[in-house]
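In the UniProt record's numbering, the protein residues as written are 1 to 1077.
The following block contains the structure:
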């Protein structure tokens, strides 16, 4: 019950206040109900002269049957039917389908109808909501909702419910949102729950594995399900990330109140969709992986049009790509052709792809077929394109390069401009009020990034391993030593797109060397970076209007950490200058000084935040956080909620130790308000003390609750209520064994003043928060640039730790085509062997003008594939600026890395293993340049020996003559070495002087046992030792004996089956057919 102060006499005030909510509801029902069958007496309360509450009984007949308006009677009110639909407009009842007859010999699945209990009059719509949410609580948590035994699925005419929507505000808002957002799962906020209704509830309940329930709207029942708000992230993760569904979140917004006097009255709500969640538009959800980018990618063509001839578009059409991580604001663009489109999509690995809506009908267009094959979540955007405001971003991947300059919007190609517009259109439609107002794209220059195709990313296991798809065993997992979330995301981007700028690579190497030589400084920096927050995502959250006081504190704390790191580095430089002179400082510190000089001064921002916000309150959120078990929200959280969201139906009465977010001295207004509040709270303490002494009630407390309003609470009623019961200024409203509650006009008046003052403080703090947000937004570019610099420091210090622990060496990078590695190692395999107590066998390679193509032969399982992969991985590591696992490395820049490793079929495109192999080989031969590095393993093995040998020879010839690239070609076709003029004495070829030959061997003992050396040597090995591998695999002895005899006969005949005649092969088969054991 809510008590408000009044200027009328005390007796009149108390008389009004004693009309309880239950009494009002009962009288209202009786007053509006004209059903003659309702003849039972109604009970009400009245105030006696001694202050006690007495009950009076009135017959139904004594109640009035008409209203008086302007002194004249009006028509009688119709029978009250629940408040949903007037009687004269009552729709026809929904048709009920008879349950299907049960099969003979089985029990009917429909329970017998029980006698219906008299239905109670329906309450208001809001009360219905709370009843239904309580049912859903059980459904979502324990699954113990009691099913309605009287109704079957056929009884729920849902189609009719949508065609003729209910008239209640909630139902009307839901059906309107269904029409506005087709194709979305609509989740409507009702109190502390998100609920789904009608047919969609059936689907939602199935996807989320929650109980499907029903609720009654007017004269029909509809499906519904729901879950508590505290489990929002859990269920949104299932819908959005697991099932790739679009979810429209319909929030409830309290309607503005006309005056403060109505704050304690029941609020009214408007429910509207505030945001549409899709896989690519996640902002700050708890299930968003902090260590990976979640890109939204748009693909478009020039002028937002398609070529009519789809086959021609595949070769001539230019495609524009624009991709953004909504959670960080990182935004990139580039243009490409159709052949490279697959590689870029796989490299970007978007959470969702957006294309123009006109593609939706062109299901056979090459782009549609490609996207369907890749299986990324796909969305279409309407034809109306809104060109966004573009601002050049100062934060790019060349942050360590002093010559790097931002890209202006004028350089974007027409396809890129169209892709940017499509992306912006999708963001505006999905994020709504949270959509970014300006976009800061960075154009990805083709000439400055190493190109790695889709198959190479997978076969080299750069981001995840091939076998299980997890990060374990990947290159990323093997080298990761970063300690910040943003640094880890940047490292992943570097690995998928290494640099081809010598200056940028050398700058990163210098920083790695700097930290490698200073272990103490590196340790201190790592310790501080661990405490920093992901400011990139925090600033983006504020930009998208989802910020909070905690975000401001996180930014402030992180900037302080940045200043400490900068100070430590400067002190280290000062110490070394005293020890080693200026010459050492100029050499070792040049790149570090260049990076530190690019840092923006943000002390003004932190000073402004510190002068406004109460830090000690916000640095301990766990003390006041509301737990998932439903612990009661404390006063500080309630005030924070009011500051952020405005007034709710639960008004907070602040105590002397209230946790305000803004310091009282931040403004003159706040200072005056806090002084007034302190004075009122002192009056409250004085009034409470006076009451305790005057009425001999030590347990008396002046309180406020949403249920009883401003009241006087007695926790020891037996002892402390004797004088209070006789006092005319106190009226008892609640009595039980453990407590008694009174109302008092003095406390109501004083409490009202306290609440009014608190409300003014909350409004002032909200204004202060808005001003702080504006200050952060003004410095957002500087914050993001600083964050990018410290991400660079995180990665380079992490690579330094990796190099120091794993004994990596600094490679020499230049513009030549050399590729010389001494004792190189596979970074991932080495760690795996070490974990099992084994050592990795290192190998070397030397590529130059005279030996740019290597043909590798040797036994199965002897390490050829590992050797090939480690060469490619060393090249990638070197060009991200890392040290490499070798004793020495000298590399010329690599512009593209291609691999043709492994065998797999493609059932989706109806391609066999051999067809996939040939398709990938063709792409390599078409796109490899003189600066490319090509790795090919056993090309041609998927067909006959003769065809495979011919194809293998032709591929090597093309790489040698046409592509002229650096390449390694591993094969079991030993005839290849002879076809290329291999000479045993020199281990080279006079016909092809730029081809080198290398192989691996096995060591065989006298007892028949053998072992692999895994070491490469110059030359050729003409024995693959396949039978030995078959023995290791456990092939039956009979099969092994047949294979040995067949191999012996083939070798004794003419050396190999290619040179054997048909009759020779038949004789061998006839001879072997006689073997039976």
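Even glycine gets a Cβ: it sits at the ideal position worked out from N, Cα and C.
Nonlocal neighbours in the same chain, by C-beta distance under 7 Å from residue 506, ignoring five residues either side = Working through the chain shown from its first residue, we reach residue 506 at position 506. Within the same chain, residue 506 has close Cβ partners 813.
Tell me whether residue 989 is buried or exposed, calling it buried when 16 or more other Cβ atoms sit within 10 Å of its Cβ. Numbered from 1 along the chain shown, position 989 holds the residue referred to as residue 989. The residue is buried, with at least 16 neighbouring Cβ atoms inside 10 Å.
* For residue 709 and residue 223, the rounded distance between their alpha carbons -> Counted from its first residue, the chain shown places residue 223 at position 223. Counted from its first residue, the chain shown places residue 709 at position 709. Their Cα atoms are separated by approximately 37 Å.
Residue 936: first and last residue of the uninterrupted beta strand (DSSP E) it sits in: The residue you call residue 936 lines up with position 936 of the chain shown. Unbroken beta strand (DSSP E) run through residue 936: 933-937.
What are the start and end residues of the alpha helix (DSSP H) that includes residue 217? Counting from one through the chain shown, the residue named residue 217 turns up at place 217. Residue 217 -> not in any alpha helix (DSSP H); beta strand (DSSP E) instead, spanning 213-217.
Exercise for the section: Report all residues from its chain with a CB closer than 7 Å to the CB of residue 274; omit the five preceding and five following residues, and keep chain order. Expected result: One-based indexing of the chain shown puts residue 274 at position 274. Leaving aside the five residues that flank residue 274 on each side, the residues in its chain whose CB is nearer than 7 Å to its CB run, in chain order, 249, 251, 432, 433.
Q) At which residues does the beta strand (DSSP E) containing residue 336 begin and terminate? A) Within the chain shown, the letter at position 336 stands for residue 336. That run of the beta strand (DSSP E) goes 331-337.
Check residue 1065 in the structure and name its three-state DSSP category.
-> Sequence index remark: in the chain shown, residue 1065 carries index 1065 (1-based). DSSP places residue 1065 in helix when its eight states are reduced to three.
*Can at least three beta-carbon pairs, one atom from the stretch 779-796 and one from the stretch 480-493, be found at a separation below 8 Å?*
yes
For a quick check, are the C-beta atoms of residue 939 and residue 955 less than 7 Å apart?
Within the chain shown, residue 939 is the residue found at index 939, counting from 1. Within the chain shown, residue 955 is the residue found at index 955, counting from 1. Yes, the Cβ-Cβ distance between residue 939 and residue 955 is below 7 Å.
* To do: Please name the residue in 769, 175, 713, 524 whose C-alpha comes closest to that of residue 743.
  => Working through the chain shown from its first residue, we reach residue 743 at position 743. Residue 743 has its Cα closest to that of 713, out of 769, 175, 713, 524.
State the Cα-Cα distance for the pair residue 746 and residue 753, rounded to the nearest angstrom.
Here residue 746 corresponds to residue number 746 of the chain shown, with the count starting at 1. Here residue 753 corresponds to residue number 753 of the chain shown, with the count starting at 1. One C-alpha to the other measures close to 11 Å.
Residue 516, buried or exposed, once every other Cβ within 10 Å from all chains shown has been counted against 16: Counting from 1 along the chain shown, the entry for residue 516 is found at position 516. By the neighbour-count rule (16 or more Cβ atoms within 10 Å), residue 516 is buried.
ask   = Roughly how many whole angstroms lie between the Cα atoms of residue 772 and residue 560?
value = Taking the first residue of the chain shown as position 1, residue 772 is located at position 772. Taking the first residue of the chain shown as position 1, residue 560 is located at position 560. Going from the Cα of residue 772 to the Cα of residue 560 covers about 17 Å.
Problem - Residues bridged to residue 222 [DSSP beta-bridge criterion] - result: Working through the chain shown from its first residue, we reach residue 222 at position 222. According to DSSP, residue 222 bridges with 215.
Which residue or residues does DSSP assign as beta-bridge partners of residue 740? Translated into positions along the chain shown, residue 740 becomes position 740. For residue 740, which the question treats as bridged, DSSP gives the partners 714, 735.
Under the rule that 16 or more other beta-carbon atoms within 10 Å means buried, what is residue 287, buried or exposed? As a first step, residue 287 must be located in the chain shown, where it is residue number 287. When all chains shown are included, residue 287 counts as exposed.
In terms of alpha-carbon separation, which member of 727, 654, 732, 762 lies closest to residue 750? Translated into the one-based positions of the chain shown, residue 750 becomes position 750. Comparing Cα positions, the closest option is 654.
Length of the line joining the Cα atoms of residue 682 and residue 689: The residue labelled residue 682 in the question sits at position 682 within the chain shown. The residue labelled residue 689 in the question sits at position 689 within the chain shown. Rounded to whole angstroms, residue 682 to residue 689 spans 11 Å at the Cα level.
Beta-carbon separation of residue 353 and residue 326 under 7 Å? For the purposes of this step, residue 353 is taken as the residue at position 353 of the chain shown. For the purposes of this step, residue 326 is taken as the residue at position 326 of the chain shown. Not closer than 7 Å, so no.
Is it the case that the Cβ atoms of residue 968 and residue 826 are separated by a distance below 7 Å?
Position 968 of the chain shown, counting from 1, holds the residue named residue 968. Position 826 of the chain shown, counting from 1, holds the residue named residue 826. No, the pair does not count as a contact, with Cβ atoms beyond the cut-off.
Problem set entry | Cβ neighbour criterion (16 or more within 10 Å) applied to residue 214 | Reading the chain shown from its first residue, position 214 is the one you call residue 214. Buried, by the Cβ-count rule.
**Prompt:** Hey, how far is the Cα of residue 459 from the Cα of residue 358?
**Reply:** Counting from one through the chain shown, the residue named residue 459 turns up at place 459. Counting from one through the chain shown, the residue named residue 358 turns up at place 358. Rounded to whole angstroms, residue 459 to residue 358 spans 35 Å at the Cα level.
Identify, in the order they occur along the chain, each residue of the same chain with its Cβ nearer than 8 Å to the Cβ of residue 929, setting aside the five sequence neighbours on each side. Indexing the chain shown from 1 puts residue 929 at position 929. Only 895, 896, 963, 965 meet the Cβ criterion.
Beta-carbon separation of residue 194 and residue 187 under 7 Å? Position 194 of the chain shown, counted from the start, is the residue given in the question as residue 194. Position 187 of the chain shown, counted from the start, is the residue given in the question as residue 187. Yes. Within cutoff.
request  = Report the residue from 702, 863, 450 whose alpha carbon sits nearest the alpha carbon of residue 344.
outcome  = The residue given as residue 344 occupies position 344 in the chain shown. For residue 344, the nearest C-alpha among the options comes from 450.
(message) Within a Cβ cutoff of 8 Å, which residues of the same chain sit near residue 842, ignoring the five residues on either side of it in sequence?
(response) Here the question's residue 842 lines up with position 842 in the chain shown. Cβ neighbours of residue 842 beyond the five flanking positions: 823, 824, 825, 886, 887.
*asked:* For residue 495 and residue 480, I'd like the C-alpha separation in whole angstroms.
replied: Start at 1 with the first residue of the chain shown, and residue 495 comes out as number 495. Start at 1 with the first residue of the chain shown, and residue 480 comes out as number 480. Distance between the alpha carbons of residue 495 and residue 480 is about 11 Å.
Problem - Start-to-end residues for the alpha helix (DSSP H) that takes in residue 702 - result: By 1-based counting over the chain shown, the position of residue 702 is 702. Element bounds for residue 702: not the alpha helix (DSSP H) but the beta strand (DSSP E), 700-705.
Taking the alpha carbon of residue 227 as the reference point, which residue from 838, 970, 197 has its own alpha carbon closest? Translated into the one-based positions of the chain shown, residue 227 becomes position 227. Closest by alpha carbon: 197.
Notebook entry, point to check: From residue 995 to residue 977, what distance separates their C-alpha atoms?
Noted result: As a first step, residue 995 must be located in the chain shown, where it is residue number 995. As a first step, residue 977 must be located in the chain shown, where it is residue number 977. So the two alpha carbons sit approximately 10 Å from each other.
Residue 957 versus residue 971 - alpha carbon distance: Along the chain shown, one-based indexing puts residue 957 at 957. Along the chain shown, one-based indexing puts residue 971 at 971. Using only the alpha carbons, I get a separation of about 14 Å.
ask   = Which whole-angstrom value is the C-beta distance of residue 1027 and residue 1040, which I expect to be below 8 Å?
value = Working through the chain shown from its first residue, we reach residue 1027 at position 1027. Working through the chain shown from its first residue, we reach residue 1040 at position 1040. That belief holds up - the Cβ atoms of residue 1027 and residue 1040 are roughly 7 Å apart, short of 8 Å.
Exercise. Using CA coordinates, which residue listed in 524, 336, 593 is at the minimum distance from residue 319?
Worked result: What you label residue 319 is simply residue 319 of the chain shown in a count that begins at 1. Selected option, being the one with the closest Cα: 336.
Three-state secondary structure assigned by DSSP to residue 969 = Taking the chain shown and counting its residues from 1, the one referred to as residue 969 is at position 969. In the three-state reduction of the DSSP assignment, residue 969 falls in the strand class.
Residue 1034: buried (16+ other C-beta within 10 angstroms of its C-beta) or exposed? Counting from 1 along the chain shown, the entry for residue 1034 is found at position 1034. With fewer than 16 other Cβ atoms within 10 Å, it is exposed.
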